[in-house]
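See structure below.
Protein chains: 2
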Amino acid sequence: MSLIVHKYGGTSMGSTDRIAQVAKRVAKWFRAGHQMVVVPSAMSGETNRLLALAKELAPATVSEAYHRELDMLAATGEQASSALLAIALQAEGLESVSYAGWQLPIRTNNAYTKARIESIDDARIRADLDAGRVVIVTGFQGQDEQGNITTLGRGGSDTSAVAVAAAMKADECLIYTDVDGVYTTDPRVVSEARRLHTVSFEEMLEMASLGSKVLQIRSVEFAGKYKVKLRVLSSFTPWDLDIDEEARSGTLITYEEDENMEHAIVSGIAFTRDETKISVLGVPDKPGTAYQILGAVADANIEIDMIIQNISKDGLADFSFTVGRGDYARTLDLLQHQVLPKLGAQEVVGDTHICKVSIVGIGMRSHVGVASTMFRTLGAEGINIQMISTSEIKTSVVIDEKYMELAVRTLHKAFGLDQVGTGA
Amino acid sequence: MSLIVHKYGGTSMGSTDRIAQVAKRVAKWFRAGHQMVVVPSAMSGETNRLLALAKELAPATVSEAYHRELDMLAATGEQASSALLAIALQAEGLESVSYAGWQLPIRTNNAYTKARIESIDDARIRADLDAGRVVIVTGFQGQDEQGNITTLGRGGSDTSAVAVAAAMKADECLIYTDVDGVYTTDPRVVSEARRLHTVSFEEMLEMASLGSKVLQIRSVEFAGKYKVKLRVLSSFTPWDLDIDEEARSGTLITYEEDENMEHAIVSGIAFTRDETKISVLGVPDKPGTAYQILGAVADANIEIDMIIQNISKDGLADFSFTVGRGDYARTLDLLQHQVLPKLGAQEVVGDTHICKVSIVGIGMRSHVGVASTMFRTLGAEGINIQMISTSEIKTSVVIDEKYMELAVRTLHKAFGLDQVGTGA
């Protein structure tokens, strides 16, 4: 008997028909002899519907008190879908019970709308599993130390599922979603994109942070920290698919490098339009200016991704960095009105027409020249590279967003990702 | 400075525009110097929408586990509307915070879907009021001793509001709804119906239990037990109505009989189609048969209202009683298959085409002949009375439902309720 955690996304929970299908699938696993914990997202569209209501009423000044109420509001979506799934399982003839995050509790810090899980008390879950019940745990939410409801941010249900699996030392955590696994790149952009049978934890982490929407990045971090056996698979296969076949489908996230495995140098191409570039021009080139700029931005809780400082000329340097699209206006405003006057820089300019394209692969560790292949490939297509950042297993470039699809397609081919037999 | 509790029904919370209006009204009271606690219902239609989803998935056998999930599900409606109202108040420039029942907690017994409030911890509310915040408390819900969410049944938010007012010894509890007070009878049936400026607690209790939908009966019981100053008024007056005028509008529920007040003998006419009649015919007339019938029904958790047993003939009696429409089929089935075989009765027959019409008034205590006026009035219209039940301040009759409107109109006139100046 294994302990299995299933997570179902919003599309999988999108209607009572779909919820009934989820119940049949879970019942199949239960009847095969497994203890089952299920973490559902809100029904698709529900979170957006709720937040749109809040936006219609929103105060002019956004405060912590406002974010607290947003979490009270948004958390209802998962509570409702969890109760509905428990009812659907009861209709399947199983005993089932649902718990909101605070009922266990799932304890988080108090960063409303983007809280982090600190601990999970699994006593109630264990007692119910031992009594033969299927346990439903609301995704996306928890409770802070003061008993306020918190949510984990978009995609947070992935993290809930992995955290529950980690806390309970589950044998496997299956993330059911509307794609059938992790691909070499987005199949909507490159039709030759192939599904990876396995992907290393580190690659998955890079892909998640570089714009792949398959898993929330924090769920991958959690999985890595606790070595949760994690699989991404489709909820759109027939619910009565042979269970062994289902258990081998999708993409498995692995932790140990298999020496015998013929890894491709590059496993995938990630890309995102979610970033914008901001440049501070004519900054006096003296110690402390980088901190004056980036410190002010960080103090405003704005996350910075890539940074470059060009070579000083006449004692003046240019300084560029990227921030999320949602923080663009606020960052520009902050720099223009607070930082620039103190700094004595000449100008702040922004560019929203950029994108970031990244190649990811643990093979890059042992292969030289991967980045240069990337630069040569892009150069041959006449694509100018504006910024570069690298890590051990990824290389990212910022380019004009109009070249995004071209860059992704060309790189996908250049690294042989469209050839069957490479990859995992 | 007074402590005031406002309760807003689903229609008053029916859209973001309406919620913004509620916020402006509450802000008016707050700015007039009152401490404000607000209990909102779910947005109109939301509870029905959620329960319809559950019904699509419902198990064949209804269990406690199923009812538990219904409460998890339905409670989300009030949590969402409470958060939205807090946000709307913040947009009005006030500090505001919302609490779900379990966050205080509001403790109930564990009778899912019809729980009763046992205690309310007001520590968090008091602390927030003292800090200058408007506090929103979810209506309709609480938490049992095991930390499960419970709901209080239809109209339960009335009870939540009155219970909060009682626990906090509030100066007044204002129930804002889509009618502007308590009427002598339903104005949709009798156009001459008049609003009562005051109604005694006991009359309100009878009216609520006899089918008046203005207040949930348990909220009236609570108000009586703790002598909560309770007023029913309209949320459809302009939000910026003069606050003193608003505070005097609607209908006030009173506890002490004012000796100087010229009370009408009858204050109101209540009626309901929610009951059905079941008759067990040819019951052997010996001790214990009543218990055999009614005990079995009560054991199945079916509430019985009126009961008559007619005079025995040839050692056989007929036995009739009324049950709610929702329990009709189940009661018939129970009697036919479980009680009848043991009892040796001849037949069970049901009648769903009945209604109950009641006259209510504390004046009946000191005036004789009120019931006989009722019977004479109905007789003169050719309306046959099938069952009668009386208490100190009400008389109810069961009649054919096709005569309901006629009976209500005729009685309203016969007791002078359409004449201005009578009533309270």
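From first to last, the protein sequence lines are chains V and B.
Using the working numbering, you'd call the opening residue of the first sequence number 769 and step up by one each time.
Using the working numbering, you'd call the opening residue of the second sequence number 769 and step up by one each time.
Using N, Cα and C, we set each Cβ at its ideal position, and we do this for glycine too.
Here the alpha carbon of Ile-985 (chain V) sits roughly 54 Å from the alpha carbon of Arg-1093 (chain B). The Cβ of Pro-827 (chain B) sits closer than 7 Å to at least one Cβ of chain V.
Taking 3 residues as the shortest admissible run, the segment 1063-1098 of chain B contains the following complete beta strand (DSSP E) segments, listed from N- to C-terminal end: 1072-1077, 1084-1092. Put simply, the CB of Ser-866 (chain V) is near chain B, with a gap under 7 Å to one of its CB atoms. The beta carbon of Asp-1086 (chain B) is closer than 8 Å to those of Ser-1047, Val-1048, Leu-1049, Gly-1050, Val-1051, Gln-1077, Asn-1078 in its chain, skipping five residues each way along the sequence. Here the C-alpha atom of Ala-1058 (chain V) lies approximately 57 Å from the C-alpha atom of Ile-1011 (chain B).
In the three-state scheme derived from DSSP, where H, G and I count as helix and E and B as strand, Gly-1050 (chain V) is classed as strand. Around Gln-871 (chain V), the beta-carbon contacts reaching into chain B at under 7 Å are Gly-915. Scanning chain B for C-beta atoms nearer than 8 Å to the C-beta of Glu-863 (chain V) yields Ala-833, reported in chain order. For the segment 780-796 of chain B, residues whose beta-carbon sits nearer than 7 Å to a beta-carbon of chain V comprise Thr-784, Ile-787, Ala-788. Taking C-beta atoms as the reference points, Gly-777 (chain V) and Thr-945 (chain V) count as a pair closer than 7 Å.
For Arg-836 (chain V), the uninterrupted alpha helix (DSSP H) run begins and ends at 832-859, by DSSP.
Excluding five sequence positions before and after Ala-856 (chain B), the CB atoms of its chain that fall closer than 6 Å to its own CB belong to Ile-787, Ala-788, Ala-791, given in chain order. Counting only residues of its own chain and dropping the five nearest sequence neighbours on each side, Leu-1103 (chain V) has a CB closer than 8 Å to the CB of Ile-1046, Val-1048, Ile-1061, Ala-1064, Val-1065, Val-1116.
In the structure shown, the three-state DSSP call for Ala-933 (chain V) is helix. By the criterion of a C-beta distance shorter than 6 Å, Ser-968 (chain B) is surrounded in its chain by Thr-1022, Ile-1130, once the five residues flanking it on both sides are discounted. Taking Ala-1148 (chain B) as reference, the option from B:Ala-1175, B:Ala-961, B:Gly-910 with the minimal CA-CA separation is B:Ala-1175. Not flagged as an interface residue toward chain V: Ala-810 (chain B), since no C-beta distance is shorter than 7 Å.
Note that the segment 986-996 of chain V does not touch the segment 1140-1147 of chain V; fewer than 3 beta-carbon pairs, one per stretch, sit closer than 8 Å. The beta carbon of Val-1091 (chain B) sits closer than 8 Å to those of Glu-1043, Thr-1044, Ile-1046, Val-1065, Ile-1070, Glu-1071, Ile-1072, Asp-1073, Thr-1099, all from its chain and outside the five residues before and after it, given in chain order. Along the segment 772-813 of chain B, the beta strand (DSSP E) occurs as fully enclosed runs of 3 or more residues at 803-808, listed in sequence order. Legend: CB atoms of the segment 966-996 of chain B lying less than 7 Å from CB atoms of chain V are not found in any residue. The beta-carbon of Ala-856 (chain V) is placed less than 7 Å from the nearest beta-carbon of chain B. Relative to Ala-843 (chain B), the option among B:Asp-948, B:Gly-923, B:Ser-770 whose CA is nearest is B:Gly-923.
Chain-ordered, the chain V residues with CB closer than 7 Å to the CB of Leu-821 (chain B) read Thr-784, Leu-852. Residue state for Thr-876 (chain B) is assigned as strand, using DSSP reduced to three classes. Excluding its 5 nearest sequence neighbours in each direction, Ala-854 (chain B) has C-beta neighbours in its own chain below 7 Å: Ser-864, Val-865, Ser-866, Ile-904, listed in chain order.
At a cut-off of 7 Å between C-beta atoms, Gln-847 (chain B) counts as an interface residue with respect to chain V.
Contact check between the segment 875-883 of chain V and the segment 869-883 of chain B: fewer than three CB pairs, one atom from each, fall below 8 Å, which does not count as touching. Look at Leu-998 (chain V): its C-beta is not under 7 Å from any C-beta on chain B. Apart from sequence neighbours up to five positions away, the residues of its chain that approach Gly-782 (chain B) with a beta-carbon distance below 7 Å are Met-811, Ser-812, ordered along the chain. One alpha carbon belongs to Glu-1024 (chain B), the other to Ala-800 (chain B), and they sit about 29 Å apart. Going by beta carbons, Thr-919 (chain B) and Asp-1008 (chain B) fall outside the 7 Å limit.
In its chain, beyond the 5 residues on either side, Ile-885, Thr-927, Val-930, Ala-931, Ala-934, Val-996 have a beta carbon closer than 8 Å to the beta carbon of Phe-990 (chain V). When C-alpha distances from Gly-915 (chain V) are compared across V:Ser-780, V:Arg-836, V:Lys-1110, the shortest belongs to V:Arg-836. Rounded to the nearest whole angstrom, the C-alpha separation of Gln-1154 (chain B) and Pro-808 (chain B) is 41 Å.
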